[in-house]
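This report refers to the structure that appears directly beneath it.
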Amino acid sequence: MKKAWTFLCVFLKRRALLPVAFAFIFFVHPLSAQAFTNAQIQNAQQQSGQIQRQQQLQQQDERDKALQQRGQTQINVTPPPLQKGQGAGCRLIRRIELLNPVHMPKAERKKLVAPFEGKCLGVDQIEKLMSAVTAFYINKGYVTTRVYLPAQDLSTGILKLRIVPGKVGAIKTDERKTQINYLGNIFPDVVGHDLNLRDFEQGIDQINRLLSNNATIDIAPGARAGESVVTINNNPGRHWRVSANYNDYGAATTGRDQGGVTASFDDVAGLEDFTALTINKTLPPNDGYHQATAESLLMSLPLGYSTLSFSYNYSDYDSTILSGATNLHLSGTDNAGTVTLDRVIWRGRTDKADVSAALTNDDTLTYIDGQEISVSSRVLTYLTLAANYSTQTHGGTATLGAAYARGLGFFDALHDAAGIASSVPHAQFDKYTLTAGYSRPFSADRQNFVFSTQFSGQYAPYALYGNQQFSIGGPYTVRGFLDEAVANDDGFYLRNDLTLLKSATLGGRAV
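When we follow the working numbering, the leftmost residue of the sequence shown carries the number 3, and every step to the right adds one.
Below, the structure is given as structure tokens:
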């Protein structure tokens, strides 16, 4: 159970509301103009936009929870014993040569050997130099790379150290115990290459992103000199999970109380893949004029340093618009499919960076009394390019992310008219987002807490359609404003959470 106190700073840049062009649109579509007034259409747009944004944020929150990974894997190794030198005294060493210095930039080589050149070196000093070179490789993840002192004549004033990289001879697993049947998509193009621990930390992260897994590795000498055999160990749990939830996060216009069920499945195809299906509905079932439904399907497949995922989201709603003394029936649907390819481009011991590309096709329909409202119904296709960085620092985790989205004209998408004004919503839009956050657990008075702060902002050079706007208010952005969400093309918020972690026992198990 969690208790959270939220302290909020909110800013939203105002922009003149859109439709000066609505009069022209209504003239072109006389059926809509005759059936409903301009004010009714605008009211419907605002209400349907708010409902759809809330449903999108809810589905995004569910996707984030489904894909939430454990902390970044860190595999600790013991430094290898150094080759012991013999002899007493010292020799003047004018130059130090590193033979076969793979994966070591020239600047790093100079930095390592400079403190030892031009000095009289004995056994202790040479071992210290070898330790520094070995430490460099271990920090870079090349934990089986060795540094040797070959036979040589030091009277020449030249000291030579030979670097021999360790290779991956084989990767194996006990299929009966680990239930990991195929590793080709987890560790592609690794066997036969230099052993880098970062490759295996990435692979273990990919395996353990499935909650049923708890994988670790062992590294042992291989059959040939310089080769290692990596064994994947795992103690798997149940490969499927079902959870139910209830909350009062729904909008007043569609029903406050809502419940949902999520079913998730690990390794369905035997490729360490993940599948999740979520359904949320208004509770209890009502007359059909105040209800909302949200359904989502999520699938992901690991591909080494990349992850390919597909998501499909469907939502519908029924509400009412008060127009004078008349209640109008407002309803709508939204179908959105997204294909995402994510790639880790940098991985250190405590930090990593990734980039992603996502293509989305979003089909929105809005109705008043069963009649489609064309100005609120559209198909948008857009490409989102994103970059994210995370690092462990000061006992917590810091994150930074940036993204750019561009509206495209593919897959039946709406096309902007030539010379469209900047104040009119664009289908071929440009949108920039920035996120930053920090989270740190701590203890006080025998209680466990987590403090987190999150910044989120968006900028668009011209007007956006409602489901692309930046929204503030509701349980997924700024809590405390459940029915008072504000949306615009540009904006940002800063949210700070202090969470008290409490555990309970259910069926003899801690939850």
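Using N, Cα and C, we set each Cβ at its ideal position, and we do this for glycine too.
message: Let's test the definition: count the other Cβ atoms within 10 Å of the Cβ of F412 and tell me whether it reaches 16, buried, or not, exposed.
response: The count along the sequence shown starts at 1 and reaches residue 412 at position 410. Per the 10 Å Cβ criterion, exposed.
- request: Tell whether a beta-carbon distance below 8 angstroms holds between F451 and T395.
  value: The residue you call residue 451 lines up with position 449 of the sequence shown. The residue you call residue 395 lines up with position 393 of the sequence shown. Not in contact: F451 and T395 (Cβ atoms no closer than 8 angstroms).
field: Between the CA atoms of P152 and V192 - distance to the nearest angstrom
entry: By 1-based counting over the sequence shown, the position of residue 192 is 190. By 1-based counting over the sequence shown, the position of residue 152 is 150. Rounded to the nearest angstrom, the two C-alpha atoms are 29 angstroms apart.
message: Quick check: is the beta carbon of I140 nearer than 8 angstroms to any beta carbon in chain D?
response: Structure shown: chain D not included; a single protein chain is present.
Those runs of the beta strand (DSSP E) which lie wholly inside the segment 395-466 and span at least 3 residues: Those beta strand (DSSP E) runs which fall completely within the segment 395-466 and span 3+ residues are 398-410, 432-446 and 449-461.
field: Where K354 falls, given that 16 or more other Cβ within 10 Å makes a residue buried
entry: Position 352 of the sequence shown, counted from the start, is the residue given in the question as residue 354. Counting Cβ neighbours within 10 Å, K354 comes out buried, since at least 16 surround it.
message: What does the alpha-carbon distance come out to for the pair Y307 and R349?
response: Along the sequence shown, read from residue 1 onward, the residue named residue 307 stands at position 305. Along the sequence shown, read from residue 1 onward, the residue named residue 349 stands at position 347. About 10 angstroms.
task: In the DSSP assignment, find the beta strand (DSSP E) that holds M301 and state where it starts and stops.
output: The count along the sequence shown starts at 1 and reaches residue 301 at position 299. Q293 to L305 is the extent of the beta strand (DSSP E) around M301.
query: Around the C-beta of F28, are 16 or more other C-beta atoms found within 10 angstroms, so that it is buried, or is it exposed?
result: Within the sequence shown, numbered from 1, the residue matching residue 28 stands at position 26. Residue placement at F28 is poorly supported in this model, since its pLDDT is 32, which falls under 50; the coordinates are not used for a value here.
- prompt: How should E274 be labelled, buried or exposed, when 16 other C-beta atoms within 10 angstroms of its C-beta is the threshold for buried?
  reply: For this step, residue 274 is matched to residue 272 along the sequence shown. Buried.
- prompt: Around the C-beta of E486, are 16 or more other C-beta atoms found within 10 angstroms, so that it is buried, or is it exposed?
  reply: Position 484 of the sequence shown, counting from 1, holds the residue named residue 486. The residue is exposed, with fewer than 16 neighbouring Cβ atoms inside 10 Å.
task: Compare the Cα-Cα distances from N498 to each of V488, Y440, A446 and Y461 and report the closest residue.
output: By 1-based counting over the sequence shown, the position of residue 498 is 496. Comparing Cα-Cα distances from N498 to each of V488, Y440, A446 and Y461, the minimum goes to Y440.
field: Same chain, Cβ closer than 6 angstroms to L503, five either side skipped, listed in chain order
entry: By 1-based counting over the sequence shown, the position of residue 503 is 501. Cβ neighbours of L503 beyond the five flanking positions: N450.
field: DSSP-derived helix/strand/coil call for S230
entry: The count along the sequence shown starts at 1 and reaches residue 230 at position 228. Three-state DSSP puts S230 in a strand.
- prompt: DSSP state of T75, grouped into three classes?
  reply: As a first step, residue 75 must be located in the sequence shown, where it is residue number 73. If DSSP states are grouped into helix, strand and coil, T75 belongs with coil.
query: What do you get for K113, buried or exposed, if any count of 16 or more other CB atoms within 10 angstroms of its CB means buried?
result: Taking the first residue of the sequence shown as 1, we reach residue 113 at position 111. It counts as exposed.
task: Count the CB pairs spanning the segment 140-147 and the segment 196-206 that are closer than 8 angstroms, and state whether there are at least three.
output: yes
query: Are G334 and Y369 close, meaning C-beta to C-beta below 8 angstroms?
result: Translated into the one-based positions of the sequence shown, residue 334 becomes position 332. Translated into the one-based positions of the sequence shown, residue 369 becomes position 367. Cβ distance < 8 angstroms, so G334 and Y369 count as in contact.
message: Could you compute how far the alpha carbon of E119 sits from the alpha carbon of I128?
response: The residue labelled residue 119 in the question sits at position 117 within the sequence shown. The residue labelled residue 128 in the question sits at position 126 within the sequence shown. Distance between the alpha carbons of E119 and I128: 11 angstroms.
- request: Just tell me which of V231, D344 and F494 has its CA closest to the CA of G171.
  value: Numbered from its first residue, the sequence shown carries residue 171 at position 169. The shortest C-alpha separation from G171 is found at V231.
7 angstroms CB neighbourhood of D432 in its chain, flanking five on each side removed: For the purposes of this step, residue 432 is taken as the residue at position 430 of the sequence shown. Once the five neighbours on either side are set aside, the close Cβ partners of D432 are R408, A462 and P463.
query: Using the rule of at least 16 other Cβ atoms within 10 Å of the residue's Cβ for burial, across every protein chain shown, is G272 buried or exposed?
result: On the sequence shown, position 270 is the one that residue 272 refers to. The residue is exposed, with fewer than 16 neighbouring Cβ atoms inside 10 Å.
message: In the DSSP output, which residue or residues are listed as bridge partners for D250?
response: Taking the sequence shown and counting its residues from 1, the one referred to as residue 250 is at position 248. Paired residues: none, contrary to the question.
message: Out of T399, T366 and T393, which one is the CA nearest neighbour of A415?
response: In the sequence shown, counting from the first residue as 1, residue 415 sits at position 413. It is T366.
query: Can you tell me whether Q293 is buried or exposed, with buried defined as 16 or more other CB within 10 angstroms of its CB?
result: If you number the sequence shown from 1, residue 293 lands on position 291. Q293 is buried by the Cβ-count criterion.
message: What ranges does the beta strand (DSSP E) occupy inside the segment 85-123, keeping only unbroken runs of at least 3 residues that lie completely in it?
response: 93-95, 97-101 and 121-123
query: Whose C-alpha, out of V381, Y495 and G262, is nearest the C-alpha of H428?
result: To locate residue 428, count along the sequence shown from 1; it is residue 426. Closest by alpha carbon: V381.
message: Taking DSSP's pairing of strands, which residues face H331 in a bridge?
response: For the purposes of this step, residue 331 is taken as residue 329 along the sequence shown, with counting starting at 1. Paired residue(s): T322.
message: Can you tell me whether I53 is helix, strand or coil according to DSSP?
response: Here the question's residue 53 lines up with position 51 in the sequence shown. It is helical.
Close Cβ partners of Y434 (< 6 angstroms) along its chain, the five nearest in sequence each way excluded: Numbered from its first residue, the sequence shown carries residue 434 at position 432. Cβ within range, chain order: Y406 and Y461.
query: Among A404, A225, I53 and T383, which has the Cα closest to the Cα of A389?
result: Position 387 of the sequence shown holds residue 389. Ranking the options by Cα distance to A389, first place goes to A404.
Cα-Cα separation between Y384 and S392, rounded to whole angstroms: Here residue 384 refers to the residue found at position 382 when the sequence shown is read from its first residue. Here residue 392 refers to the residue found at position 390 when the sequence shown is read from its first residue. Those two C-alpha atoms are separated by around 26 angstroms.
task: Assuming Q57 contacts D336 (C-beta within less than 8 angstroms), just tell me the rounded distance between them.
output: Against the sequence shown, residue 57 aligns to sequence position 55. Against the sequence shown, residue 336 aligns to sequence position 334. Rounded, the Cβ-Cβ distance is 7 angstroms, consistent with contact.
field: Reference G194, options T309, N216, G205 and R226, closest by Cα
entry: Taking the sequence shown and counting its residues from 1, the one referred to as residue 194 is at position 192. Taking the Cα of G194 as reference, the smallest distance to any Cα among T309, N216, G205 and R226 is reached at R226.
task: Run the CB neighbour count on E203, radius 10 Å, all protein chains shown included, and call it buried at 16 or more, exposed below.
output: What you label residue 203 is simply residue 201 of the sequence shown in a count that begins at 1. When all chains shown are included, E203 counts as buried.
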